[in-house]
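Trainee: Throughout, the numbering used here is defined as the position within the sequence shown, counted from one, plus 2.
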Amino acid sequence: MVQTPVRVRFAPSPTGPLHIGGVRTALYNYLFARQHGGKMIFRIEDTDSTRFVPGAEEYIIESFKWLGIKFDEGVGIGGDFGPYRQSERRDIYKKYVDQLLQNGSAYLAFDTPDELNAKRAEVPNFQYDASTRMEMRNSLTLPKDEVQDLVSSGAQYVVRFKIEPGREVHVRDLIRGDVVVNSSVLDDKVLYKSVDQLPTYHLANIVDDHLMQVSHVIRGEEWLPSAPLHVLLYEAFGWQDTMPAFAHLPLLLKPDGKGKLSKRDGDKLGFPVFPLEWHDPQSGAISSGYRESGYLPEAVINFLALLGWNPGSDQELFTMQQLVELFDLSRCSKSGARFDFMKGWWFNREYLLQKTDEQLAPDFVELLKANGVTAEPSRAAQVIGMMKQKVVEYTDGQSGQTKKRNISFISDLWPLCDFFFIAPQEFDAEDKFIRKNWKETTATEMTQLAEQLEKVENFSIEGMKAVIDPWVEQTGLRPWNAWRICLVGKGQGPDMYELAAFLGKEETLSRMRHAIDTLK
Ligand code: GLU
3 MVQTPVRVRF APSPTGPLHI GGVRTALYNY LFARQHGGKM IFRIEDTDST RFVPGAEEYI
63 IESFKWLGIK FDEGVGIGGD FGPYRQSERR DIYKKYVDQL LQNGSAYLAF DTPDELNAKR
123 AEVPNFQYDA STRMEMRNSL TLPKDEVQDL VSSGAQYVVR FKIEPGREVH VRDLIRGDVV
183 VNSSVLDDKV LYKSVDQLPT YHLANIVDDH LMQVSHVIRG EEWLPSAPLH VLLYEAFGWQ
243 DTMPAFAHLP LLLKPDGKGK LSKRDGDKLG FPVFPLEWHD PQSGAISSGY RESGYLPEAV
303 INFLALLGWN PGSDQELFTM QQLVELFDLS RCSKSGARFD FMKGWWFNRE YLLQKTDEQL
363 APDFVELLKA NGVTAEPSRA AQVIGMMKQK VVEYTDGQSG QTKKRNISFI SDLWPLCDFF
423 FIAPQEFDAE DKFIRKNWKE TTATEMTQLA EQLEKVENFS IEGMKAVIDP WVEQTGLRPW
483 NAWRICLVGK GQGPDMYELA AFLGKEETLS RMRHAIDTLK
């Protein structure tokens, strides 16, 4: 039984571009909320001002717009539980910090960074907890009036959570089951800092989840170690009855499955780890994005949906609506999901092929324009139709070898299709195909072929066939490869009649004349 009403949240910290793992987290929250007729909240966790990166929030919003993941409440949308940006909720948190101080769940600590460092040097594996807190300078060890004096004189302090040792803490996780941790391993986490009068992530996160009536916390595995502390915080506030259910999603692993996926893997193997291209405001460095790399948002969604969840069948292609219907947290794996970026290519190809050539044409027209070619969308569509089943070469990032794969992106088309729009000027004397197929007699044969083509009035595939096929039959010539050299300049391209019909009579004959003159 799912606790209702379902209210989930995606709560990124605006510390840079959204990682693809974060996109998957948001997607799973979205699918879960939609399936249960619930709400999805977009909250910005920006209490750590030192890590704030300008533009990150806008980037995150734009990413979800592109992907078609819609929020119901939150930053930029509004709702009854706002403000949804944590830096605008200072006063709210102060009240809850005081509550913990008053009920004895937290205390003030005055230890300076130097004092803490000295202690760390003295005690191996020092941890601020029940075993050490009585040796430190805090409101548990200092006389009451000294604490008061320190606070009123403006001394800086932090508020720490007082964790009772030796307790079993249960995190009830919808994916992992009952995760039990002994509280003795936890440290007295800082919940609040007087210096900026802001809570830390842990406190703000719990207070907001409570106030925003979050029913399910679905987030990445990297937050699992914080979960016992969060459970204890709910208890310290007396909110255990409305504590959200947890679901910690499996880690995204490197393509070879060895370790956590990182940006470096993407750079090395040639795939983006961010939804959109990111321009780092500090260094100016540009990181590639799925959108700019030519992925379709539906393909990215489908690809990510299956990284950590499976439908229990062999089906691989799902619309967002189907995902909403089928998604199931109990079918999410505990173990990491290997980030098979080549599967991402496959998905993109599947979604490209679902579109008509006319639907794909505008993007191809843009690509052509970027390469200095102006083309009508209808011409672009024709080329897509002739070429989309071809393969393209790519450099394998692991081995450095040149390999082949199916066309998976519109951008794959350019190096394969330039000759449709630009007549070959030079012919590479070293090219194997040309050496093999252009013999001494070839120029003469091509001249004869040109004469035959000259006679064709209706320069369509059928029109040409009607004249050329009988001529080929009669002469016994095999003109195709040489004709290809004339029109393409190399051993590539579609069926020759198709290509000639696309080029038209004038262009076809002019290319042939040029090749005959040049190659002789
Ligand atoms: N602000 C955290 C993040 O950046 C949120 C973690 C959570 O969902 O609790 O991912």
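The C-beta atom is built at its ideal place from N, Cα and C for all residues, glycine as well.
It should be emphasised that the depicted structure is a prediction, and the values quoted were computed from it without experimental measurement.
From what residue to what residue does the beta strand (DSSP E) around Asp180 run?
Mentor: Along the sequence shown, one-based indexing puts residue 180 at 178. Its beta strand (DSSP E) spans residues 179-184.
Trainee: Rounded to whole angstroms, what is the Cα-Cα separation between Thr477 and Asp267?
Mentor: The sequence position of residue 477 within the sequence shown is 475, counting from 1. The sequence position of residue 267 within the sequence shown is 265, counting from 1. Rounded to whole angstroms, Thr477 to Asp267 spans 58 Å at the Cα level.
Trainee: Decide if Ala123 is buried, meaning its Cβ has at least 16 other Cβ atoms within 10 Å, or exposed.
Mentor: Along the sequence shown, read from residue 1 onward, the residue named residue 123 stands at position 121. Ala123 is exposed by the Cβ-count criterion.
Trainee: Tell me the start and end of each unbroken alpha helix (DSSP H) in the region 115-184 that is at least 4 residues and wholly inside, in chain order.
Mentor: Entirely contained in the region 115-184, the alpha helix (DSSP H) runs reaching 4 residues are, in chain order, 115-124, 146-154.
Trainee: Just to confirm before moving on: does the CB-CB distance between Phe429 and Thr520 stay below 8 Å?
Mentor: Counting from one through the sequence shown, the residue named residue 429 turns up at place 427. Counting from one through the sequence shown, the residue named residue 520 turns up at place 518. Their beta carbons are under 8 Å apart, which means Phe429 touches Thr520 by this criterion.
Trainee: Where does the unbroken alpha helix (DSSP H) through Phe248 begin, and where does it stop?
Mentor: Stepping through the sequence shown from its first residue, residue 248 is reached at position 246. It is not in any alpha helix (DSSP H) - Phe248 instead sits in the beta strand (DSSP E) that spans 247-251.
Trainee: Expressed to the nearest angstrom, what Euclidean distance is found between the alpha-carbon atoms of Leu451 and Asp497?
Mentor: As a working mapping, residue 451 is identified with position 449 in the sequence shown. As a working mapping, residue 497 is identified with position 495 in the sequence shown. If you take the alpha carbons of Leu451 and Asp497, they lie about 16 Å apart.
Trainee: Determine contact between the region 253-260 and the region 325-341, defined as no fewer than three beta-carbon pairs at a distance below 8 Å.
Mentor: Contact holds: three or more Cβ-Cβ distances are below 8 Å.
Trainee: Quick check: the region 62-74 against the region 92-100, are at least 3 beta-carbon pairs closer than 8 Å?
Mentor: With a cut-off of 8 Å, the region 62-74 and the region 92-100 do not count as touching, because too few Cβ pairs lie within range.
Trainee: Please report the Cβ distance between Ile220 and Asn31, rounded to the nearest whole angstrom; I am assuming they are in contact, meaning their Cβ atoms lie under 8 Å.
Mentor: As a first step, residue 220 must be located in the sequence shown, where it is residue number 218. As a first step, residue 31 must be located in the sequence shown, where it is residue number 29. Between Asn31 and Ile220 the Cβ distance is about 5 Å, and since that is below 8 Å, they are a contact.
Trainee: How far does the alpha helix (DSSP H) with Leu231 in it reach, from first residue to last?
Mentor: As a first step, residue 231 is located in the sequence shown; it is residue number 229 there, counting from the start. Here the alpha helix (DSSP H) through Leu231 covers 229-239.
Trainee: Considering only the beta carbon of each residue, do Leu415 and Leu455 sit closer than 8 Å?
Mentor: Counted from its first residue, the sequence shown places residue 415 at position 413. Counted from its first residue, the sequence shown places residue 455 at position 453. No. Outside cutoff.
Trainee: Ignore the nearest five residues each way along the sequence and tell me which others in Gly24's own chain have a CB closer than 7 Å to its CB.
Mentor: Along the sequence shown, one-based indexing puts residue 24 at 22. Once the five neighbours on either side are set aside, the close Cβ partners of Gly24 are Pro14.
Trainee: Whole angstroms are fine: how far does the CA of Leu33 sit from the CA of Pro417?
Mentor: Here residue 417 corresponds to residue number 415 of the sequence shown, with the count starting at 1. Here residue 33 corresponds to residue number 31 of the sequence shown, with the count starting at 1. Cα-Cα distance, rounded: 39 Å.
Trainee: How about Val10 and Gly39: are their beta carbons less than 8 Å apart?
Mentor: The count along the sequence shown starts at 1 and reaches residue 10 at position 8. The count along the sequence shown starts at 1 and reaches residue 39 at position 37. No, the Cβ-Cβ distance between Val10 and Gly39 is not below 8 Å.
Trainee: Quick one: give me the first and last residue of the beta strand (DSSP E) that Phe44 is part of.
Mentor: Taking the first residue of the sequence shown as position 1, residue 44 is located at position 42. Residues 41-44.
Trainee: For Val394, verify whether its CB is less than 7 Å away from any heavy atom of ligand 1.
Mentor: Counted from its first residue, the sequence shown places residue 394 at position 392. No, the beta carbon of Val394 sits no closer than 7 Å to any heavy atom of ligand 1.
Trainee: Could you check how far apart the C-beta atoms of Asp190 and Tyr130 are, in whole angstroms? I think they sit under 8 Å.
Mentor: Here residue 190 is taken as the residue at index 188 of the sequence shown, counted from 1. Here residue 130 is taken as the residue at index 128 of the sequence shown, counted from 1. With 8 Å as the limit, Asp190 and Tyr130 qualify as a contact, their Cβ atoms being about 5 Å apart.
Trainee: So Gly506 and Phe461 are in contact, right, with Cβ under 8 Å, and what is the actual spacing, rounded?
Mentor: Here the question's residue 506 lines up with position 504 in the sequence shown. Here the question's residue 461 lines up with position 459 in the sequence shown. Their Cβ separation, rounded to whole angstroms, is 6 Å, which keeps Gly506 and Phe461 in contact under 8 Å.
Trainee: Spatial neighbours of Ala363 within its chain, please: C-beta separation below 7 Å, excluding the five flanking residues on both sides.
Mentor: Here residue 363 refers to the residue found at position 361 when the sequence shown is read from its first residue. Cβ within range, chain order: Pro379, Ala382, Ala383, Ile386.
Trainee: Is Pro14 near ligand 1 - that is, is its Cβ less than 7 Å away from at least one heavy atom of it?
Mentor: If you number the sequence shown from 1, residue 14 lands on position 12. The answer is yes for Pro14.
Trainee: Could you tell me if Ile288 is buried or exposed, where buried requires 16 or more neighbouring beta carbons within 10 angstroms of its beta carbon?
Mentor: Sequence index remark: in the sequence shown, residue 288 carries index 286 (1-based). Ile288 is exposed by the Cβ-count criterion.
Trainee: Looking at the unbroken beta strand (DSSP E) that takes in His218, where does it start and where does it end?
Mentor: In the sequence shown, counting from the first residue as 1, residue 218 sits at position 216. Where His218 is concerned, the enclosing beta strand (DSSP E) stretches over 218-222.
Trainee: Am I right that Ile26 and Leu306 are in contact with their C-beta atoms under 8 Å? What's the rounded C-beta distance?
Mentor: Taking the sequence shown and counting its residues from 1, the one referred to as residue 26 is at position 24. Taking the sequence shown and counting its residues from 1, the one referred to as residue 306 is at position 304. For the record, residue 26 in the displayed sequence is Arg; it is not Ile. Right, their Cβ atoms sit about 4 Å apart.
Trainee: DSSP three-state label for Phe429, please.
Mentor: The residue you call residue 429 lines up with position 427 of the sequence shown. Coil, per DSSP.
Trainee: Looking at Ile412 and Phe366, is the spacing between their C-beta atoms short of 8 Å?
Mentor: What you label residue 366 is simply residue 364 of the sequence shown in a count that begins at 1. What you label residue 412 is simply residue 410 of the sequence shown in a count that begins at 1. Yes, they are a contact pair.
Trainee: What are the boundary residues of the alpha helix (DSSP H) that includes Lys522?
Mentor: Stepping through the sequence shown from its first residue, residue 522 is reached at position 520. Careful: Lys522 lies outside any alpha helix (DSSP H) and carries neither H nor E.
Trainee: Quick one: is the Cβ of Tyr203 within less than 7 Å of any heavy atom of ligand 1?
Mentor: Position 201 of the sequence shown, counting from 1, holds the residue named residue 203. Within the cutoff, so yes.
Trainee: Rounded to whole angstroms, what is the Cα-Cα separation between Trp54 and Asp48?
Mentor: The count along the sequence shown starts at 1 and reaches residue 54 at position 52. The count along the sequence shown starts at 1 and reaches residue 48 at position 46. The sequence as given places Phe at residue 54; Trp does not occur at that position. Rounded to whole angstroms, Phe54 to Asp48 spans 7 Å at the Cα level.
Trainee: Beta carbon of Pro274, beta carbon of Ser335: below 8 Å?
Mentor: The residue given as residue 274 occupies position 272 in the sequence shown. The residue given as residue 335 occupies position 333 in the sequence shown. No; because the gap between Cβ atoms is not below 8 Å, this pair is not in contact.
Trainee: Identify, in the order they occur along the chain, each residue of the same chain with its Cβ nearer than 7 Å to the Cβ of His281, setting aside the five sequence neighbours on each side.
Mentor: For this step, residue 281 is matched to residue 279 along the sequence shown. So the qualifying residues of the chain are Ile288.
Trainee: Looking at C-alpha atoms only, which residue of Thr6, Asp82, Gly57 is the closest neighbour of Leu20?
Mentor: If you number the sequence shown from 1, residue 20 lands on position 18. Looking at the Cα atoms, Gly57 is the closest of the given residues.
Trainee: Spatial neighbours of Gly374 within its chain, please: CB distance less than 8 Å, with the 5 preceding and 5 following residues excluded, ordered by chain position.
Mentor: Taking the first residue of the sequence shown as 1, we reach residue 374 at position 372. The answer is none, since no qualifying residue turns up.
Trainee: Specify, as a first and last residue, the run of the alpha helix (DSSP H) that Asn460 falls within.
Mentor: As a position in the sequence shown, residue 460 is number 458, starting the count at 1. Careful: Asn460 lies outside any alpha helix (DSSP H) and carries neither H nor E.
Trainee: Is the separation between the beta-carbon of Arg45 and that of Val8 shorter than 8 Å?
Mentor: Numbered from its first residue, the sequence shown carries residue 45 at position 43. Numbered from its first residue, the sequence shown carries residue 8 at position 6. For Arg45 and Val8, no; Cβs fall outside 8 Å.
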